[in-house]
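For the sequence shown, the positions run 0 to 265 when numbering that gives the first Met the number 0 is used.
Where a beta carbon is used, it is the ideal one built from N, C-alpha and C, also for glycine.
Report on the following structure.
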Amino acid sequence: MHTQVHLNGFFNLNRWYCFLCADLRLNWKRYLLVFAGMSVLMYLFFLWRFAIDINTRHIVGMDYFDIFMMGLLALCLFVGSHSPEFNDKTRAAHYLLLPASTFEKIWTQALIYVVFGIICYLLIFWMDIHLARWTVLSWESVRVNQVDVKPFKYAMLWWDIGASRIIYMAWMAIGLFMFSMRLFFKRYAVLKSGIVLFGLYGLGMCCMVGLSHLFYAETQGFDPYVPIYNVYGNVTNVEIFWFIISCCVYLAAIPLAYFKHKEKEA
Numbered sequence: 000m001h002t003q004v005h006l007n008g009f010f011n012l013n014r015w016y017c018f019l020c021a022d023l024r025l026n027w028k029r030y031l032l033v034f035a036g037m038s039v040l041m042y043l044f045f046l047w048r049f050a051i052d053i054n055t056r057h058i059v060g061m062d063y064f065d066i067f068m069m070g071l072l073a074l075c076l077f078v079g080s081h082s083p084e085f086n087d088k089t090r091a092a093h094y095l096l097l098p099a100s101t102f103e104k105i106w107t108q109a110l111i112y113v114v115f116g117i118i119c120y121l122l123i124f125w126m127d128i129h130l131a132r133w134t135v136l137s138w139e140s141v142r143v144n145q146v147d148v149k150p151f152k153y154a155m156l157w158w159d160i161g162a163s164r165i166i167y168m169a170w171m172a173i174g175l176f177m178f179s180m181r182l183f184f185k186r187y188a189v190l191k192s193g194i195v196l197f198g199l200y201g202l203g204m205c206c207m208v209g210l211s212h213l214f215y216a217e218t219q220g221f222d223p224y225v226p227i228y229n230v231y232g233n234v235t236n237v238e239i240f241w242f243i244i245s246c247c248v249y250l251a252a253i254p255l256a257y258f259k260h261k262e263k264e265a
């Protein structure tokens, strides 16, 4: 009986559902504005990229992978902007007093900003890239010069370009890092979280440069020497390194966010 009461205090489905509905009712305008703004900006950006390719090469071979990576950066910034109530002391106090457990609040933010954020981003990217392509195909210069505009498929981001899956894991780790770091700050949380991220990256690079100078005499300046070799099949040692770093972030991000949120409620 005591265990059931404890679990009910940790997570209750009906209570969580009510909290989720309350969050959507309070912040639906913000979510809709972000969705609409991202859709318009991405559409205009795709048109601009198409126009550059047409004017310079007359053959559109747009690098969808680079554009998708830039979009993931915007997605990470969106993930790091969760819990806007903490930007104001009064709103933060009201938010912390809502009848929901810490886990339910963290899970709600993760569901909206991470899970739904990824789904919406994939939907917006696919929709805008095709709308931009159809718009470009209607241009007279494209019809006259018979410019080839490649249709986009998500398979291009995996098979055709040959991008390593580690890249996507690393971006996921960055997003979860931004998610957890947001709770350490109040105002300008996204900017401060980004500064912390770049600071840690710079510190890591300095350590790698120092180790390179220590173990490899051929290292020059601030250029770390990292020998790359296959460990298993086509998997390199660098990919395994980033895989381990990403997994560490996965394991630490959500618990860190949970306990930091718990600390705010204390």
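For Asp222, which residues does DSSP report across the bridge?
The residue you call residue 222 lines up with position 223 of the sequence shown. Asp222 is bridged to Gln219.
Can you tell me the Cβ-Cβ gap for Val225 and Val237, rounded? I've got them flagged as a contact below 8 Å.
Numbered from its first residue, the sequence shown carries residue 225 at position 226. Numbered from its first residue, the sequence shown carries residue 237 at position 238. In this structure Val225 touches Val237 by the C-beta definition: roughly 7 Å separates them, less than 8 Å.
Chain-order list of residues whose beta-carbon lies under 7 Å from that of Asn86 (same chain, five-residue window excluded):
Taking the first residue of the sequence shown as 1, we reach residue 86 at position 87. The residues are Lys185 and Arg186.
Of the listed residues Tyr228, Ala251, Trp27 and Thr134, nearest to Phe44 (C-alpha basis):
For the purposes of this step, residue 44 is taken as the residue at position 45 of the sequence shown. Closest by alpha carbon: Thr134.
For a test of the three-state rule: what should DSSP assign to Tyr16, helix, strand or coil?
Residue numbering aside, residue 16 sits at position 17 when the sequence shown is read from its first letter. Residue state, collapsed to three classes: helix.
Please classify Gly60 as buried or exposed, where buried requires at least 16 other C-beta atoms within 10 Å of its C-beta.
Here residue 60 refers to the residue found at position 61 of the sequence shown. Unreliable placement is indicated for Gly60, whose pLDDT of 47 sits below 50; the coordinate value is still reported in the next sentence. Exposed, because fewer than 16 other Cβ atoms sit within 10 Å of the Cβ of Gly60.
Measuring only the C-alpha atoms, how far is Tyr200 from Gly193?
Here residue 200 refers to the residue found at position 201 of the sequence shown. Here residue 193 refers to the residue found at position 194 of the sequence shown. If you take the alpha carbons of Tyr200 and Gly193, they lie about 10 Å apart.
Coarse secondary structure for Tyr228, derived from DSSP in three states:
Locating residue 228 in the sequence shown gives position 229, counting from the first residue. Coil.
Quickly, what does DSSP pair Arg235 with across the bridge? List them, please.
Against the sequence shown, residue 235 aligns to sequence position 236. The question names Arg, but residue 235 is Thr in the sequence shown. DSSP, once it has assigned bridges, lists Asn229 as partnering Thr235.
Ignoring anything shorter than 3 residues, give me the beta strand (DSSP E) runs that lie fully in the segment 139-218, in order along the chain.
Taken in chain order, the segment 139-218 contains no complete beta strand (DSSP E) segment of 3 residues or longer.
Taking Cβ to Cβ, would you say Ile117 is nearer than 9 Å to Leu74?
Reading the sequence shown from its first residue, position 118 is the one you call residue 117. Reading the sequence shown from its first residue, position 75 is the one you call residue 74. Yes. Within cutoff.
Determine the burial state of Gln108: buried for a count of at least 16 other Cβ atoms within 10 Å of its Cβ, exposed for fewer.
In the sequence shown, residue 108 corresponds to position 109, counting from 1. It counts as buried.
Measuring only the C-alpha atoms, how far is Trp27 from Phe77?
Here residue 27 refers to the residue found at position 28 when the sequence shown is read from its first residue. Here residue 77 refers to the residue found at position 78 when the sequence shown is read from its first residue. Put simply, the backbone Cα of Trp27 is about 15 Å away from that of Phe77.
Between Gly79 and Val189, is the Cβ-Cβ spacing less than 9 Å?
Residue numbering aside, residue 79 sits at position 80 when the sequence shown is read from its first letter. Residue numbering aside, residue 189 sits at position 190 when the sequence shown is read from its first letter. Cβ distance < 9 Å, so Gly79 and Val189 count as in contact.
Taking the alpha-carbon positions, what's the Ser268 to Leu202 distance?
Only positions 0 to 265 of the chain appear in this structure, which leaves residue 268 out of reach.
Which residues in the same chain as Ser137 place their Cβ atom closer than 6 Å to its Cβ, once the five residues preceding and following it in sequence are excluded?
For the purposes of this step, residue 137 is taken as residue 138 along the sequence shown, with counting starting at 1. Contacts found: none.
Is the distance from the Cβ of Leu182 to the Cβ of His260 below 9 Å?
Position 183 of the sequence shown, counted from the start, is the residue given in the question as residue 182. Position 261 of the sequence shown, counted from the start, is the residue given in the question as residue 260. Cβ atoms of Leu182 and His260: closer than 9 Å.
Straight-line gap, Tyr30 to Cys119 (C-alpha atoms, nearest Å):
One-based indexing of the sequence shown puts residue 30 at position 31. One-based indexing of the sequence shown puts residue 119 at position 120. Roughly 11 Å separates the two Cα atoms.
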